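Numbering-wise, the sequence shown is residues 54 to 394 according to this note's numbering.
In this text, a Cβ means the ideal position worked out from N, Cα and C, and glycines have one as well.
Treat the numbers as computed from the prediction; the structure is a model and nothing was measured.
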Amino acid sequence: MINNKNETNTHIQISPLARPRRLRVSPWIRNMVSEHRVTVNDLIWPVFIQEGNNLRTPIASMPGVERLSIDLLTLAVKEARDLGIPAIALFPATPTNLKTQDGEEAFNPENLVCRTIRAIKSAVPDIGIICDVALDPYTSHGQDGLVRNGIVVNDETVEVLCKQSVVQARAGCDVIAPSDMMDGRVGAIRKALDNSGFSHVAILSYAAKYASAFYGPFRDAVGSADNLGKSDKKTYQMDPSNSSEALREVALDIAEGADMIMVKPGMPYLDVVARVKDAFKVPTFAYQVSGEYAMLCAAAANGWLDREKVILESLLSFKRAGADGVLTYFALEAAKLLKAQ
Ligand code: PBG
54 MINNKNETNT HIQISPLARP RRLRVSPWIR NMVSEHRVTV NDLIWPVFIQ EGNNLRTPIA
114 SMPGVERLSI DLLTLAVKEA RDLGIPAIAL FPATPTNLKT QDGEEAFNPE NLVCRTIRAI
174 KSAVPDIGII CDVALDPYTS HGQDGLVRNG IVVNDETVEV LCKQSVVQAR AGCDVIAPSD
234 MMDGRVGAIR KALDNSGFSH VAILSYAAKY ASAFYGPFRD AVGSADNLGK SDKKTYQMDP
294 SNSSEALREV ALDIAEGADM IMVKPGMPYL DVVARVKDAF KVPTFAYQVS GEYAMLCAAA
354 ANGWLDREKV ILESLLSFKR AGADGVLTYF ALEAAKLLKA Q
């Protein structure tokens, strides 16, 4: 019996002052109190380029993603621009015969990336172009740097990365994104860009980039998996067990002149995104990498997950963690989903 003076009340009474469910009762109020939102402005689209004309090559481990020749890529980039996607990130699949021990093709002004930048800048001038700086698409051993006596050497690599950056800036790249994890490269690249008249070109540094197994499908896409073989990148990319070290890496890159920083991979490293954003308050991006894309696609293809819902929920998780934007292979699809909402 409730409220009977003569009996002890044995019912559990729930009458909290705060009832969070009051703010969840209907869509309008959920929308009104929502803290984070994904918009098309948050999306950066990484794309893979190949030589040739009118060519598209599917990437088996990344269903729905294709390597495109420059002409087809230009059309796809127009679509991205029309959807409102602010920027793309370019990744070349270099023909095997152009890969060398020291990756000289990286600073050839006529290489695939530079020709692509020029083509896109003339056909779609109002989309941002971000270019990776690292040697792995160009080296016969698949490492991001120069190898001397079995060691990926730092300072000599940085000199080449500077040349690669300047060549890409000269072709019209808007944002240089060093993904190589050599020490001191951001400062050196900043100086090289400034000395060559590119002080307006920004640097988005892959500041906290981990030695991750989630990059597997990407290495298939750019064709560096076979080159790398059984080797790994653990002497320069970060140990997945560390997170305070990410703060140190980010601090160094900001001090050296990075305009924006990135954490990579994405979803398994949202704790790092949150710590970094909290500590530095600089524009912070996260990369939902190829393996994350592959996982979601595989589960959706099996009917185990609702594809559209998990795409949007995964992107929202980045925003909630503090990211200002996300590099994602879902960019085009997500932009369409957001538009339809
Ligand atoms: C190259 C580079 C990699 C990725 C982006 N730039 C691969 C690597 O470091 O081995 C991975 C992106 C992805 O997995 O989607 N340095």
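Among the options, which has the Cα closest to the Cα of residue i?
{"i": "Arg120", "options": "Cys226, Pro270 and Asp312", "result": "Pro270"}
{"i": "Gly282", "options": "Asp377, Pro69 and Thr192", "result": "Thr192"}
{"i": "Cys184", "options": "Ile256, Ala113, Gly276 and Asn106", "result": "Ile256"}
{"i": "Cys350", "options": "Val325, Gly156, Ser367 and Ala299", "result": "Ser367"}
{"i": "Asn295", "options": "Asp312, Val275 and Lys317", "result": "Lys317"}
{"i": "Gln196", "options": "Lys392, Asp359, Met235 and Ile138", "result": "Met235"}
{"i": "Ser175", "options": "Pro190, Glu309, Leu128 and Glu212", "result": "Leu128"}
{"i": "Cys397", "options": "Lys216, Gly137, Asp208 and Pro80", "result": "Given a span of 54 to 394 for the chain in the structure shown, any question on residue 397 remains unanswerable."}
{"i": "Ala7", "options": "Gly356, Gly310 and Asp377", "result": "Outside the displayed range of the chain (54 to 394) lies residue 7, so it cannot be described from this structure."}
{"i": "Gln394", "options": "Leu126, Pro80 and Ala71", "result": "Pro80"}
{"i": "Gly105", "options": "Asp331, Leu126, Thr210 and Val93", "result": "Leu126"}
{"i": "Lys392", "options": "Ser68, Thr92 and Arg83", "result": "Thr92"}
{"i": "Glu298", "options": "Ala311, Lys372, Phe371 and Val325", "result": "Val325"}
{"i": "Thr149", "options": "Ser252, Pro190 and Gly137", "result": "Pro190"}
{"i": "Glu345", "options": "Arg243, Thr288, Ser114 and Glu163", "result": "Ser114"}
{"i": "Leu300", "options": "Arg272, Pro99, Gly375 and Asp331", "result": "Asp331"}
{"i": "Gly375", "options": "Met315, Val219 and Gln221", "result": "Met315"}
{"i": "Val177", "options": "Glu163, Ala133, His194 and Val200", "result": "Ala133"}
{"i": "Tyr382", "options": "Ile65, Ser343 and Asp273", "result": "Ser343"}
{"i": "Ser277", "options": "Lys287, His194, Asp359 and Val200", "result": "His194"}
How many Å lie between residue i and residue j at the Cα?
{"i": "Ala152", "j": "Leu188", "result": "Here residue 152 turns out to be Lys, not Ala, going by the sequence shown. Rounded to the nearest angstrom, the two C-alpha atoms are 10 Å apart."}
{"i": "Gln290", "j": "Val329", "result": "17 Å"}
{"i": "Phe333", "j": "Asp95", "result": "19 Å"}
{"i": "Arg238", "j": "Leu165", "result": "23 Å"}
{"i": "Asp247", "j": "Ala352", "result": "46 Å"}
{"i": "Ala387", "j": "Lys131", "result": "16 Å"}
{"i": "Leu305", "j": "Asp227", "result": "22 Å"}
{"i": "Arg75", "j": "Val205", "result": "58 Å"}
{"i": "Ile123", "j": "Ser87", "result": "41 Å"}
{"i": "Ala308", "j": "Trp357", "result": "45 Å"}
{"i": "Ala241", "j": "Arg77", "result": "51 Å"}
{"i": "Val213", "j": "Phe160", "result": "8 Å"}
{"i": "Gly198", "j": "Ala71", "result": "56 Å"}
{"i": "Leu323", "j": "Gln341", "result": "10 Å"}
{"i": "Leu369", "j": "Met85", "result": "16 Å"}
{"i": "Arg90", "j": "Lys372", "result": "7 Å"}
{"i": "Ala397", "j": "Asp285", "result": "With the chain covering 54 to 394 only, the question about residue 397 has no answer from this structure."}
{"i": "Gly396", "j": "Val118", "result": "Because the chain is modelled from 54 through 394, residue 396 falls outside the range shown and cannot be assessed."}
{"i": "Asp279", "j": "Glu209", "result": "24 Å"}
{"i": "Ile229", "j": "Val211", "result": "14 Å"}
{"i": "Asn207", "j": "Val100", "result": "28 Å"}
{"i": "Glu157", "j": "Thr147", "result": "12 Å"}
{"i": "Glu361", "j": "Thr63", "result": "47 Å"}
Along the chain, where does the beta strand (DSSP E) that runs through residue i open and close?
{"i": "Met234", "result": "That residue, Met234, is in no beta strand (DSSP E); it is neither H nor E in DSSP."}
{"i": "Thr30", "result": "Here the chain comprises residues numbered 54 to 394, so residue 30 is not present and cannot be evaluated."}
{"i": "Tyr85", "result": "Residue 85 is actually Met in this sequence, not Tyr. It is not in any beta strand (DSSP E) - Met85 instead sits in the alpha helix (DSSP H) that spans Pro80 to Val86."}
{"i": "Tyr340", "result": "Thr337 to Gln341"}
{"i": "Lys262", "result": "Ala255 to Lys262"}
{"i": "Ala110", "result": "A small correction: the amino acid at residue 110 is Thr; Ala does not occupy that position in the sequence shown. Where Thr110 is concerned, the enclosing beta strand (DSSP E) stretches over Arg109 to Pro111."}
{"i": "Val326", "result": "Val326 -> not in any beta strand (DSSP E); alpha helix (DSSP H) instead, spanning Leu323 to Phe333."}
{"i": "Leu151", "result": "Counting along the chain, Leu151 falls outside any beta strand (DSSP E), and DSSP gives it neither H nor E."}
{"i": "Asp185", "result": "Gly181 to Val186"}
{"i": "Val316", "result": "Met313 to Lys317"}
{"i": "Leu96", "result": "Leu96 to Gln103"}
Between which two residues does the alpha helix (DSSP H) carrying residue i extend?
{"i": "Cys226", "result": "Looking at the DSSP string, Cys226 is not in any alpha helix (DSSP H), and its letter there is neither H nor E."}
{"i": "Ile364", "result": "Arg360 to Ala374"}
{"i": "Gly240", "result": "Arg238 to Asn248"}
{"i": "Ile271", "result": "Reading off the sequence, residue 271 comes out as Phe, not Ile. Residues Gly269 to Ala274."}
{"i": "Lys392", "result": "Ala384 to Ala393"}
{"i": "Val166", "result": "Leu165 to Ala176"}
{"i": "Arg134", "result": "Ile123 to Leu136"}
{"i": "Ile141", "result": "It is not in any alpha helix (DSSP H) - Ile141 instead sits in the beta strand (DSSP E) that spans Ala140 to Pro145."}
{"i": "Glu298", "result": "Ser297 to Ala308"}
{"i": "Asp279", "result": "Ala278 to Leu281"}
Taking Cβ to Cβ, would you say residue i is nearer than 8 Å to residue j?
{"i": "Val379", "j": "Ala347", "result": "no"}
{"i": "Asp292", "j": "Ala264", "result": "yes"}
{"i": "Ile170", "j": "Gly250", "result": "no"}
{"i": "Leu365", "j": "Leu385", "result": "no"}
{"i": "Pro336", "j": "Met320", "result": "no"}
{"i": "Asp135", "j": "Val186", "result": "no"}
{"i": "Val254", "j": "Pro145", "result": "no"}
{"i": "Gly181", "j": "Ala140", "result": "yes"}
{"i": "Pro116", "j": "Ala354", "result": "yes"}
{"i": "Pro231", "j": "Tyr259", "result": "yes"}
{"i": "Leu143", "j": "Ile97", "result": "no"}
{"i": "Arg243", "j": "Gly310", "result": "yes"}
{"i": "Val220", "j": "Ala245", "result": "no"}
How about residue i: is its C-beta nearer than 8 Å to some C-beta of chain B?
{"i": "Ile123", "result": "Looking at the structure shown, chain B is missing, and only one protein chain is on hand."}
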